[in-house]
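Position in the sequence shown (from 1) plus 4 gives the number in my numbering.
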Amino acid sequence: MSEGPLRVSMTIDPDAVIAPVNRRLFGSFVEHMGRGVYGGLYEPDHPHADEDGYRTDVLALVRELGVSIVRYPGGNFVSGYRWEDGVGPVEGRSARFDRAWRSIEPNVFGLDEFARWSAKAGTDIMLAVNLGTRGAQQAAELVEYANVTGGIRLSDLRRRHGREQPYGVRTWCLGNEMDGPWQIGHKSAEEYGRLAFKTANAMRAVDTTLELVACGSSGRSMPGFGTWDETVLENCYEVVDLISAHSYYDPEAYDLPSFVASSAAMDEQIRQVVAIADRVGRRKGMAKRLGISFDEWNVWYMGRHESQESTPDWRRAPRLCEDDYTSTDAVVVGSLLITLLRHGDRVAIACQAQLVNTIAPIHAEPDKPARRQAIFHSFALTSRHAVGDVIHSAVLGPTVHTRVHGEVPVLYGVVTRDNATGTFTSFSVNRSTTDPIELVVDLSSLPEVRVLEHVLLDGGQSTTGEPHPAPWEHADGEVGLLLPPVSWSMLRLATT
Ligand code: AHR
């Protein structure tokens, strides 16, 4: 513990734009897993259910969370899923075993129900196709069903099912985590890369406008991380637009300082995947550069659920991975969003995994209104206020030592500027688990700076119980604020 607060200065250069803020970084993920769909999005018997059986309390929270795009229907689930089981008149649909989560899938919620829910939630759709037990043909047929206006067999079937207009789904994942031995239909990188190539061509033959995501490695801890991505892209670089990355951060798998600095691992992962993808692109002599789809990320208490998932238990919508989050988790979620924003020039899509009940910011019980988890707040505030451009900021300050990531800057942040209002928003995390930071933000190149709002989410590791002091403004364009240990903060500044 040092004597007084750690001193950190941040200079914002209002003219140095890194990238426009991409709304698709505020994506989420809904999988047929546990009570994510049944008892989450959809619960016809609930007092808050609407005429379609959707929970309106959940819908209201999804809108408040500010989710832009939702990946569906999996996840591991998709690798054994037959999309045809979830379309057409509900009375004609049958239940099936879902081998991924050892659950019974009733199939009363499928593509049309998800599309209707998305329209109510105001979110875009990102679909994953099954490349575990199925292949190019079935994927192309799903594109035909979903995106062709009419006059072709499956598009006409969709119309007979009551959906006249196509769903117009643009973004598609070519399978899920195909490097994982746990994945149904797990493949070698060569096999998967060739299948992704064939599938992409078959899907594009039906709809040329598609944006396609190849499966990158499912995590940095995978033994094949890196070589998987490289081999896959050797086989399909030409036909895909993005490569996926996944990562979950388990608070109980690390010491506290390392967990709080989890964003250092995400940052490194993004740099590595970008470097690998660009190397393949250069080798192939292609001008095109791929984006990253970080389509599964979150804090997940994975260790707590290991035994639960391996129990043979074929039930409908069992309670799986219903994590209860702390304010420290909210700080980490906020810092992971900072990383995604900082890489907005290459990360094109990001999906917090998942949305409701299962590893989720929203929790819904059958007999109560849905509620916000602690991690809801850092996501919702960032989504609402990180608008406009990401602006370059220079930070000077000490580092903290972590066992897993080594030395990392104690203050980690990003700044955005809303070009419509001229408001600057600084999102900062104090990664120290022991010391407060006195942060001085310098915007002296602008004539007047005024604090509009300061929100603090405090990890509560070593607070005194005293209220936190409000930010203080200096006449010379500087604003000071005190950030407690393990805290996430959002400072909104008006400028003229
Ligand atoms: O999000 C839960 C699971 O985590 C997903 O099904 C899978 O893709 C990942 O391993």
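Cβ atoms here follow ideal geometry from the backbone N, Cα and C, with glycine treated the same way.
The structure displayed is predicted, hence computed values, not measured ones.
Residue from the options whose Cα sits closest to the Cα of residue i
i    : options                : result
V336 : A279, R346, K288, D254 : D254
I395 : G90, S248, V419, T406  : V419
G285 : G154, V243, Y58        : V243
L265 : D61, R120, E55, S491   : Reading off the sequence shown, one finds Ala at residue 265, where the question assumed Leu. The option with the nearest alpha carbon to A265 is S491.
N80  : R120, P185, V303, W121 : P185
V277 : V303, H50, Y149, V351  : V351
A104 : V391, L324, A357, A498 : L324
V133 : A123, T127, A144       : A144
R11  : V404, S267, Y258, M494 : V404
T212 : C219, W176, N239       : W176
D439 : L487, F118, A384       : L487
G166 : V147, R208, E117       : E117
I129 : V412, H389, I353       : I353
R67  : V74, A334, F33, A125   : A125
L345 : T15, V152, A23, V217   : A23
L450 : D19, P9, S13           : D19
T231 : E194, S267, L199, E215 : E194
V91  : Y76, L294, F113, G38   : F113
P51  : D371, L385, G417, S448 : D371
A390 : T437, G426, M290       : G426
E300 : Y252, S13, S267        : Y252
D317 : G96, G57, R106         : R106
Backbone CA spacing between residue i and residue j [nearest angstrom]
i    : j    : result
V94  : V399 : 57 Å
Q377 : Q141 : 41 Å
R496 : S387 : 14 Å
S72  : E7   : 44 Å
P170 : D160 : 10 Å
A64  : K288 : 47 Å
G172 : T203 : 18 Å
V483 : P110 : 56 Å
Q465 : D233 : Its pLDDT being 44, under 50, Q465 is placed unreliably in this model, and the value from its coordinates should be taken loosely. Cα to Cα, Q465 sits roughly 39 Å from D233.
A269 : P227 : 16 Å
P475 : G481 : 13 Å
R435 : P413 : 8 Å
I342 : T406 : 19 Å
A205 : G155 : The sequence shown places Asn at residue 205, rather than the Ala named in the question. Taking the straight line from one Cα to the other gives about 21 Å.
A357 : D17  : 34 Å
N302 : F383 : 11 Å
R510 : E148 : With the chain running from 5 to 500 in the structure shown, residue 510 is simply not present.
P77  : Y85  : 9 Å
G189 : S83  : 7 Å
A119 : L29  : 20 Å
D1   : N361 : Residue 1 cannot be examined here, being either before or after the span of the chain that is shown, 5 to 500.
H309 : L340 : 23 Å
C219 : D54  : 36 Å
Residues sharing a beta bridge with residue i, DSSP
i    : result
P24  : D393
M14  : V399, V445
R404 : According to the sequence shown, residue 404 is Val rather than Arg. Answer is V412.
H367 : R375
D462 : S491
S248 : S297
R496 : T429, E457
F33  : R75, A357
R319 : S107
E477 : V483
V217 : C177, L246
R435 : Beta-bridge pairing links R435 to no other residue.
V3   : There is no way to answer for residue 3, as the model of the chain reaches only from 5 to 500.
A53  : R59
Any non-hydrogen atom of the ligand SAH within 7 Å of residue i CB
i    : result
A357 : The model on display carries the ligand AHR but not the ligand SAH.
Scan the segment 251-307 and note each continuous beta strand (DSSP E) run of 3 residues or more that stays entirely inside, going in chain order.
You should have 295-303.
Whole beta strand (DSSP E) elements within the segment 92-154, 3-residue minimum
Counting only runs of 3 or more residues that sit fully inside the segment 92-154, the beta strand (DSSP E) segments are 100-102, 107-109, 128-133, in chain order.
Length-filtered (3 minimum) beta strand (DSSP E) runs lying within the segment 170-213
You should have 175-178.
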